[in-house]
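The numbering used here numbers the first residue of the sequence shown as 425 and each following residue consecutively.
From the three backbone atoms N, C-alpha and C, an ideal C-beta is built for every residue, glycine too.
Notes follow once the structure below has been shown.
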Amino acid sequence: MLPPLTFALLIACLLASRLPQLPAPGVLAGLGVLALLPAAYWRRSAGARFVSVLFGGFCLAAGWGHVQLADRLAPALEGQDIDLSGVVVSLPVRIERGRRFEFAVDVPPPGVPSRLMLNWYDGRRSEQGEHGDAEPVAAPSLPAGSRWQLRVRLKRPHGNMNPHGFDYEGWLFARGIGATGQVRASLPPRMLSAEAAGFEPAVQRLRASVRSRFEHALGVDGEAADAAPWAGVLIALAIGEQRAIPTAQWTLFERAGLTHLVSISGLHITMVAALAGGLCAALWRRVPALALRLPAQRAGVAAGLVAALAYCLLAGFGIPAQRTFIMLAVGAFALWRGRFASPADALALALCAVLLAHPLAVIDAGFWLSFCAVALLFYAVAGDVGMAAGPVRRWLRAQAAITIGLAPLTLALFGRVSLIAPLANLIAIPVVSALVTPLVLLAVVLPFDPLLWLAHALTAWLMAGIAWLTAPDWALWQSAAPPVWAVVAAGLGALCLLAPPGWTGRALALPLMLPVLWVQPERPLHGDMVVTVLDVGQGLAVHVQTAGHDLLFDTGPRYGAEADAGERLVLPYLRAVGVRRLHTLVVSHADSDHSGGAASVLEGLTVEQVLSSVPAHDALRLRRPDTVDCAAGQTWQLDGVRFAVLHPPPGAVERGARSSNALSCVLRIDAAHGSALITGDLLADGEAALVAAGAPLAADLLVTPHHGSRTSSTEPFVQAVSAREAVHAMGYRNRFRHPHPAVVARYEAAATVQRRSDRDGALRYRFAATGLIIESSRERDARYWHNGF
């Protein structure tokens, strides 16, 4: 009975998670009444039970959403300085020139949420308020679990919204974080207590002490890990803190299909529970008085569950750890009672428990991967029933089941799958789970540094071999985001392939799985184009797609020493829409909000030609010596679409200018059914020169100069362009106050429809014979937890 009811609850939570707006409480009350009506037929009708759970589950998920929404920052308080007292309830993590941490407010004032995500910048940064007011802030030592009196400036949760992109707002919402912000110095911060009372602060202090001891033992000073390059992996295995793992190592894990091994995953928690339970049961049997009072098996189950809980708490007890603990608790309950339900019923019960605790878990990729992995293992074991399968055969079958069975889902979620994952996991799982992780956990309990040295040596040896395995380009299969039907078909094909020997349906496996590998997104027809202005915050990145070619104009900003928009936003988007090669990359000028992601884009994709106005000493020129200077008069044609550079004048890049903005490349694109003008950070004098020269400025779509700054978009320029649509590429509540009110008024006077990337997300313009079609990511992918305007 459980699987159908669990399916109803899963559908209910999925439906609620897809809503752009939640139903009013009165509507939910009415649905709750409808959920009770079929209860009279609960025993007699499976359909009545299904409907009852469906309506009840929807009311539960939507009601949970209402409760969470009530604990978010009131719009009127955005940008206001607010004095708060509270506790640091997470491990502070290092960011560019500062720290980031979660802050639980003691007594939230009206409109202030109970949990915040704050940045505290150190004295090397002259902090810029969102309206340009400079204020130096010094970040002192920030112990986890300490209580503080702070003055903060908050804003509602806001993330970049791009097609197939990560939903940062949903990630914050699921974790109960109702606002983000920064610590202000107008009121000096004051530590009220180094050790706040309460269970959660105590756990965070324990985690901080473990991290500090690991860093000291491995010779890591927190800023560099040259002495022990894999120290971040050991810290992640001990306390679930993954921020110390460098980007290059994450790339290696992804290529090898080993990301699940470098986090406190279900595999590690289950292993800890099994070891603790087995050890307790073995010792329990040796004490007759204890064994007579409680069977050793039950004692082992209880000990294993306690050990799993302790490990989850040490890991911060985040949602993935909570999900694993709930699944283990369900299994432990069945073992305690001595009544073993079918694997399907056990998995269904665990799924119900997770959804009842976290209805929004359905938006987390880990939720689907973990439950599907367990289901596949049950499926693989069922195929061995009645067969004389040895441990090696069972191990290989389990690896094949997870690798092949999860491949369609992995492609759908991440757009890539490791082809060498089966071999890599075959080697890495025993080493990490049976050797490295036990050594790390033993080092948590026993302050004996050689345990960590040995764990680090084993990790270094293992990853050297994995790096050799992943070196070939074919090791990682990349694909465009497949449609839902192709993912479902591939999943059915995987089940056919993994079916017991002798089943005739295996012949269907390959035909069912091929579409997910080869289906490509629709491209424009000859002469048409699609222009997508990505949401990269305070910066610019524009993708232009023709029938057979792709152009990228600018690459977004640089976020810090190891992060930029190219890696985090632009490349995932391009891969998801099927781009494997760029015909042209235009980097308009040297400002980091336009060129910050260029290195990541060049490393992640093949780029045939690069146009730019960056100076000769710029890193882009060193990486691509064949970079061509942007110069007015350059033209080319692709698939019936004409591209023309209008600015800067020939020779201007070589001569230099008073500012990089003055050299900004300007690109005009003419398709059969419309035109676009992309202007970078063109300044007023450059606009005037173009107007005076009679340059072809009139366009249907204009990406406004300099993000809508008052230094650009002069009235003669706006009139000369006479755009139907104008896009201001800008960051949410940016400190420059873009777009300037005077600029907005000029475009309004020209009857131009204005859109903003902070409000609309990525904007896609399809120029075709059927007319201009406009898509906004925040409209198309709207969810009730997204920041409204």
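Nearest neighbour of residue i, chosen from the options [CA to CA]
| i | options | result |
| --- | --- | --- |
| ARG1204 | THR1194, PHE1213, SER1036 and ARG1188 | ARG1188 |
| ILE851 | ARG821, LEU878, LEU886 and VAL864 | LEU886 |
| ALA494 | PRO534, GLU526, ILE506 and PRO462 | PRO534 |
| ASP974 | ARG947, GLU991, ALA989 and GLU986 | ARG947 |
| ARG539 | TYR545, ARG496 and ALA568 | ARG496 |
| TYR545 | VAL1003, GLY569, LEU515 and ALA609 | ALA609 |
| VAL1168 | ASP1182, ALA1147 and GLY1132 | GLY1132 |
| LEU998 | TRP898, ALA1056, GLN902 and GLY656 | GLN902 |
| LEU1009 | ARG1045, ALA985, ARG992 and ALA987 | ARG1045 |
| SER1037 | ASP1094, GLY1104 and PRO981 | GLY1104 |
| ILE693 | LEU676, LEU733 and GLU678 | LEU733 |
| LEU976 | GLN944, PHE623, ALA985 and SER1012 | SER1012 |
| ALA799 | THR979, SER766, THR861 and VAL908 | SER766 |
| LEU460 | PHE1160, ALA472 and GLY450 | ALA472 |
| LEU703 | ALA726, LEU682 and THR683 | ALA726 |
| PRO587 | SER1200, ALA789, ASP952 and ALA1175 | SER1200 |
| ALA1023 | GLY980, TRP1209 and ALA1192 | GLY980 |
Residues that residue i bridges to, as DSSP identifies them
| i | result |
| --- | --- |
| ASN543 | ARG524 and GLN606 |
| TRP819 | TRP819 pairs with nothing; no bridge assigned. |
| GLU1199 | ARG1188 |
| ILE750 | ILE750 is not bridged to any residue. |
| ARG614 | GLN573 |
| TRP901 | VAL841 |
| LEU1101 | ARG1092 and LEU1126 |
| ALA1113 | DSSP lists no partner for ALA1113. |
| ARG1179 | VAL1151 |
| VAL477 | DSSP output for VAL477 lists no bridge partner at all. |
| VAL529 | GLY510 |
DSSP three-state assignment for residue i, whether helix, strand or coil
| i | result |
| --- | --- |
| GLY810 | Here the model assigns GLY810 a pLDDT of 49, short of 50, so the residue's position is not dependable and the matter cannot be decided. |
| LEU515 | coil |
| GLY594 | helix |
| TYR983 | strand |
| HIS1071 | strand |
| LEU508 | strand |
| ARG580 | coil |
| GLN1143 | helix |
| ASP974 | strand |
| ARG1293 | The first residue shown for the chain is 425 and the last is 1213, placing residue 1293 beyond what the model contains. |
| ARG1159 | coil |
| GLN492 | helix |
| ILE787 | helix |
| GLN721 | helix |
| LEU737 | helix |
| ARG709 | helix |
| TYR803 | helix |
| VAL730 | helix |
| ARG761 | helix |
| ILE826 | helix |
| ARG548 | Reliability of the predicted coordinates at ARG548 is poor, the pLDDT of 46 falling under 50, and the value obtained from them is presented with this limitation in mind. Three-state DSSP puts ARG548 in coil, outside helix and strand. |
| GLY535 | coil |
| ALA1086 | helix |
| TRP654 | coil |
| MET585 | coil |
| PHE1213 | coil |
| GLU1172 | helix |
N- and C-terminal bounds of the beta strand (DSSP E) containing residue i
| i | result |
| --- | --- |
| ASP769 | Segment 767-781 is the alpha helix (DSSP H) holding ASP769; no beta strand (DSSP E) there. |
| HIS967 | 966-969 |
Extent of the continuous alpha helix (DSSP H) to which residue i belongs
| i | result |
| --- | --- |
| ARG679 | 671-680 |
| GLY456 | 449-460 |
| ARG717 | 712-717 |
| HIS880 | 873-893 |
| THR861 | 861-869 |
| ARG667 | Counting along the chain, ARG667 falls outside any alpha helix (DSSP H), and DSSP gives it neither H nor E. |
| GLU502 | From DSSP, GLU502 is part of no alpha helix (DSSP H); its letter is neither H nor E. |
| PRO444 | That residue, PRO444, is in no alpha helix (DSSP H); it is neither H nor E in DSSP. |
| VAL1077 | 1076-1079 |
CB contact below 8 Å: residue i versus chain C
| i | result |
| --- | --- |
| GLY972 | The chain inventory of the structure shown lacks chain C, comprising one protein chain alone. |
Practice problem: Would you list, in sequence order, the uninterrupted alpha helix (DSSP H) runs of no fewer than 4 residues that lie entirely inside the region 904-964? | Solution: Counting only unbroken stretches of 4 or more residues, the alpha helix (DSSP H) elements lying wholly within the region 904-964 are 908-921 and 933-942, in sequence order.
Quiz item: Can you list, in chain order, the stretches of the alpha helix (DSSP H) that have 4 or more residues and sit fully within the region 621-647?
Solution: Within the region 621-647, the complete alpha helix (DSSP H) runs of at least 4 residues are 623-641.
Quiz prompt | Any beta strand (DSSP E) of 3 or more consecutive residues that is wholly inside the region 986-1064 | solution = 1005-1011, 1030-1036 and 1059-1062
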